[in-house]
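Inspection log for the structure reproduced underneath, given as structure tokens.
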Amino acid sequence: MASAVTFKILEDIARDLSSNEITFPTFLDITFQVRAALKDPNLNVEQLAKLVGAEPLMSAKIIRMANSVAMNPSGREVADVKSAIVRVGMEAVRTVSFAVAMEQLLKSKQMQPFEEISHRLWEHTSHVAALCRVLARKRRINGDEAMFAGLVHDLGVFYLMSRAANFPELANDKVELHALLVGWHDNIGHALLSAMGLPESVLEAVRDHETDREITAIDNLSNVLFIANKIANRTSSWRDKELDGEIDTTILDTLFDADALAEIVEESEEEVHSLKAALGG
Numbered sequence: 000m001a002s003a004v005t006f007k008i009l010e011d012i013a014r015d016l017s018s019n020e021i022t023f024p025t026f027l028d029i030t031f032q033v034r035a036a037l038k039d040p041n042l043n044v045e046q047l048a049k050l051v052g053a054e055p056l057m058s059a060k061i062i063r064m065a066n067s068v069a070m071n072p073s074g075r076e077v078a079d080v081k082s083a084i085v086r087v088g089m090e091a092v093r094t095v096s097f098a099v100a101m102e103q104l105l106k107s108k109q110m111q112p113f114e115e116i117s118h119r120l121w122e123h124t125s126h127v128a129a130l131c132r133v134l135a136r137k138r139r140i141n142g143d144e145a146m147f148a149g150l151v152h153d154l155g156v157f158y159l160m161s162r163a164a165n166f167p168e169l170a171n172d173k174v175e176l177h178a179l180l181v182g183w184h185d186n187i188g189h190a191l192l193s194a195m196g197l198p199e200s201v202l203e204a205v206r207d208h209e210t211d212r213e214i215t216a217i218d219n220l221s222n223v224l225f226i227a228n229k230i231a232n233r234t235s236s237w238r239d240k241e242l243d244g245e246i247d248t249t250i251l252d253t254l255f256d257a258d259a260l261a262e263i264v265e266e267s268e269e270e271v272h273s274l275k276a277a278l279g280g
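FYI, numbering that gives the first Met the number 0 numbers position 255 of the sequence shown as 254, with every residue one higher than the one before it.
Dropping the structure here:
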């Protein structure tokens, strides 16, 4: 049964998310600035480059992404933010802003009590994002949107840990913390992203990424994320197996033969390497 501390955290979050003046954690500040900029239909590359250029970490990662093997097959390197944005596309800036925000949170002092789970979470997130891109590419679904959904699908876990950091007794209670994260991360992630005004396709995918269901075809973003999460859970789950047991991934055997699944995993490993090289971590 959940303790008073868990109820307090959930109550505070519910109050925050239902208010007109939502107070988001500071680790999402840069993401909000980028989101607001991208909503402007008249935004041009010069304006976005100016915003990104004011944030050194963002600038470095955008340039790094533009020069990564996946984005730069010609081998011609770029050294300025504007050229980097032209190469990777303006939507990629949104993805990088979330990656920077989450990485900074995980490296912050307040997250030290969660160091082990934070590492597993970042590994899992990288794998899911890469798998989403590979699966989407094979099914003519927008690969950039799929990778973005993979990157933010566990935002609820990041957010819950940032709130739990204020309650040492919860941070030290492995069982209750795990129950809080597993039981609430998908709904809270959905609510958080909804409040940030993200597209319905991404919201639906994040809300349902842990909901077991029968899937006969990977034909939309929600199914892409669900299957990517299942594949990643075989080798890089953030959950504690001692507390959670093995996660059921039998649906994969009905959708793929062994060779097809191995090919997807192999392709995604290249994407993971490229993603980590670009984003760091």
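Each residue gets a CB set at the ideal place from its N, CA and C atoms; glycine is no exception. These numbers were taken from a predicted model, which means no experiment stands behind them.
Item: Sort L134, A129, K49 by Cα distance to E269 and report the nearest one.; Value: A129
Item: Among the candidates E245, D143, N165, whose CA atom is the shortest distance from the CA of Q109?; Value: N165
Item: Drop a sphere of 10 angstroms on the beta-carbon of K347, count the other beta-carbons inside from all chains shown, and report buried for 16 or more, exposed for fewer.; Value: Any question about residue 347 goes unanswered here, given that the chain covers just 0 to 280.
Item: Just reading off the alpha helix (DSSP H) that E245 is part of, what are its end residues?; Value: Careful: E245 lies outside any alpha helix (DSSP H) and carries neither H nor E.
Item: So for M0, helix, strand or coil by DSSP?; Value: Interpretation of M0 is limited by its pLDDT of 46, a score under 50 that renders its predicted location unreliable; no figure is taken from the coordinates.
Item: Identify the continuous alpha helix (DSSP H) that holds F157 and give its terminal residues.; Value: 154-163
Item: Would you check if the stretch 235-244 and the stretch 31-38 touch, i.e. whether three or more CB-CB distances between them fall below 8 Å?; Value: no
Item: What is the DSSP secondary structure of L260, reduced to helix, strand or coil?; Value: helix
Item: So A194 packs on L16, CB below 8 Å; how close in whole Å?; Value: 6 Å
Item: Should E144 go down as buried or exposed, given a rule of 16 or more other Cβ atoms within 10 Å for buried?; Value: buried
Item: Could you name each continuous beta strand (DSSP E) segment of 3 residues or more that falls completely within the stretch 41-97, going from the start of the chain to the end?; Value: none
Item: For a test of the three-state rule: what should DSSP assign to R139, helix, strand or coil?; Value: coil
Item: In chain order, what residues of the same chain lie with their CB nearer than 7 Å to the CB of G142, ignoring the 5 residues before and after it?; Value: R132, A135, R136
Item: I need the straight-line Cα distance from L169 to Q111, nearest angstrom please.; Value: 14 Å
Item: With burial defined as no fewer than 16 other Cβ atoms inside 10 Å of the residue's Cβ, what is the status of R212: buried or exposed?; Value: exposed
Item: To the nearest whole angstrom, what separates the beta carbons of L154 and G196, a pair I think is in contact under 8 Å?; Value: Not a contact, Cβ separation roughly 14 Å.
Item: Please confirm whether any heavy atom of the ligand NAP lies closer than 7 Å to the CB of E268.; Value: Looking at this structure, you won't find the ligand NAP or any other ligand, since it has none at all.
Item: I want to know whether the stretch 221-234 touches the stretch 171-182 - three or more CB-CB distances under 8 Å.; Value: no
Item: Helix, strand or coil for P112? Go by DSSP, reduced to three states.; Value: helix
Item: For the alpha helix (DSSP H) containing T234, list its first residue and its last residue.; Value: 220-234
Item: I'd like the span of the alpha helix (DSSP H) that includes N171, first residue to last.; Value: Note, N171: premise wrong, no alpha helix (DSSP H); not H, not E.
Item: Would the stretch 53-71 and the stretch 81-94 be scored as touching if the rule is three or more Cβ pairs under 8 Å?; Value: yes
Item: Just reading off the alpha helix (DSSP H) that E213 is part of, what are its end residues?; Value: Run containing E213: none; DSSP gives neither H nor E here.
Item: Take L42 and list the residues in its own chain whose beta-carbon comes closer than 8 Å to its own, dropping the five residues that flank it on each side.; Value: A36, M89
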